[in-house]
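According to numbering that gives the first Met the number 0, the sequence shown holds residues 0 to 347 in order. Backbone N, C-alpha and C define an ideal beta-carbon position, used for all residues, glycine too. Computed from a predicted structure; not experimentally measured.
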Amino acid sequence: MEKENIIFIGVALGLLVFSHIFLWLLFPKLARLIYRPTSEKGKNAMRKFSTALKWGLFFAVFPIIEPLFSPPDLNQFGKEPFFIVLAIITFSWIIIELSNVLRHAFLENFNSNKEDNLRERRLLTQVAFVRKLFIIIVVIIAFSAILMNFESARKLGAGLLTSAGIVGIIVGLAAQKSIANLLAGFQIAFTQPIRIDDVVVVEDEWGKIEEINLTYVVVRIWDQRRLVLPINYFIEKPFQNWTRTTADIWGTVFMYVDHTIPVEDLKIKLKEILDGSSLWDKKVQVLQVTDYTEKTVEIRCLMSARDSPTAFDLRCLVREKMLEYLQQNYPGSLPKSRVLLSGEEEKK
């Protein structure tokens with residue numbers, strides 16, 4: 000191997016190492032002037048963006064300084080198709096990671112952990128969907144630019160970048176089910192029948208919306224299973240959204256007791272239970288006789304809580320305490336069956 004080639008390889012590797020070390024030292028200082036992530040996800044996004052920039056700096060600087068040390072009998076690598084393809088991939092990577100950083104920088108201004116987080120969940124859903132769509136557009140443009148570097152595929156690449164080409168793709172995919180899901184995703188992102196972290200009941204399962212992707216939605220069920228549904232399910236089929244406008248929810252407890260039960264005493268006991276529990280939000284407290292039959296009286300306890308998990312715990316607490324109260328104070332008022340004997344049968 001000639002000396003010029005060895006120098007060329009050494010300088011190229013040195014430039015690669017320099018770009019990594021330079022940004023490793025400089026990037027954190029510059030980044031702190033613009034954005035200081037407070038969440039772990041934001042910090043992770045900055046690390047990925049920094050890694051992409053390190054490679055991007057190499058691909059940006061190498062073609063500029065290559066003529067200064069490239070051997071005269073060697074073609075310039077910076078003009079070779081494979082180098083241009085790698086550069087396009089790297090710069091697309093940088094743009095995608097930058098969009099992730101911008102997403103976290105925007106969302107960190109909103110606290111989604113508070114009780115009334117409707118606005119935050121709305122923005123989280125919209126930003127997540129728009130970013131996924133943006134990534135698809137970046138990938139299409141990058142793929143088209145890569146194709147244009149090869150003579151046999153140049154026309155296809157140019158067609159993808161023209162409006163007619165884009166329209167042709169959309170029309171071609173319109174008959175596919177995936178594009179229907181994509182359009183449903185647009186509708187969900189901006190009309191928002193569901194949002195990330197909404198509490199829903201779908202397919203007789205209670206859970207929270209964990210992910211809203213371009214074509215499907217992931218529901219985290221209460222027992223940590225995941226229910227994956229096509230996104231147009233939430234446009235075409237009915238479902239329950241318990242946090243559509245607010246996280247507040249009412250809970251009910253039904254009791255079936257004997258007709259001799261003193262209802263007023265139960266109302267006093269319910270008030271005592273709710274007043275002594277931090278699960279109750281102090282908005283709704285009702286005990287009513289909602290039905291009775293020849294055997295039992297149906298009593299409904301109605302109470303409110305700040306969200307559905309809290310309401311579930313509160314309902315369980317009321318059931319336990321009311322049952323304990325009946326057992327200790329009115330054991331004779333638990334459901335029983337009665338048999339009436341006529342006078343003639345009594346004589347026999």
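Opening and closing residue of the alpha helix (DSSP H) in which Lys40 lies: 39-68
Neighbourhood of Lys47 by C-beta, 8 Å cutoff - its chain only, sequence neighbours within 5 removed: Glu96, Asn99
Own chain residues within Cβ distance below 7 Å of His19, not counting five before or after: Lys53
Range of the contiguous alpha helix (DSSP H) that encloses Pro414: Any answer about residue 414 is impossible in this case: the structure gives the chain only from 0 up to 347.
Span of the alpha helix (DSSP H), counted from its first residue to its last, around Ser98: 80-106
Contact between the segment 262-282 and the segment 222-238 (3+ Cβ pairs under 8 Å): no
Straight-line Cα distance separating Val288 from Ala104: 54 Å
Pick from Met147, Ile94, Glu107 that is closest to Phe133, judged by C-alpha positions: Ile94
Beta strand (DSSP E) segment containing Phe233, residue limits: From DSSP, Phe233 is part of no beta strand (DSSP E) but of the alpha helix (DSSP H) over 232-235.
Rounded C-alpha distance that separates Ala59 from Trp241: 51 Å
Presumed contact (8 Å Cβ cut-off) between Leu106 and Leu122, rounded CB distance: 7 Å
The segment 230-239 touching the segment 293-305, judged by at least three CB pairs closer than 8 Å: no
The segment 213-227 contacting the segment 256-270, beta-carbon criterion three pairs below 8 Å: no
For Pro334 and Ile401, the rounded distance between their alpha carbons: A query on residue 401 cannot be resolved here, the shown segment of the chain reaching from 0 to 347 and no further.
Buried versus exposed, by CB contacts within 10 Å (16 or more), Thr89: buried
Beta-carbon separation (whole angstroms), Asp312 vs Leu278, contact threshold 8 Å: 6 Å
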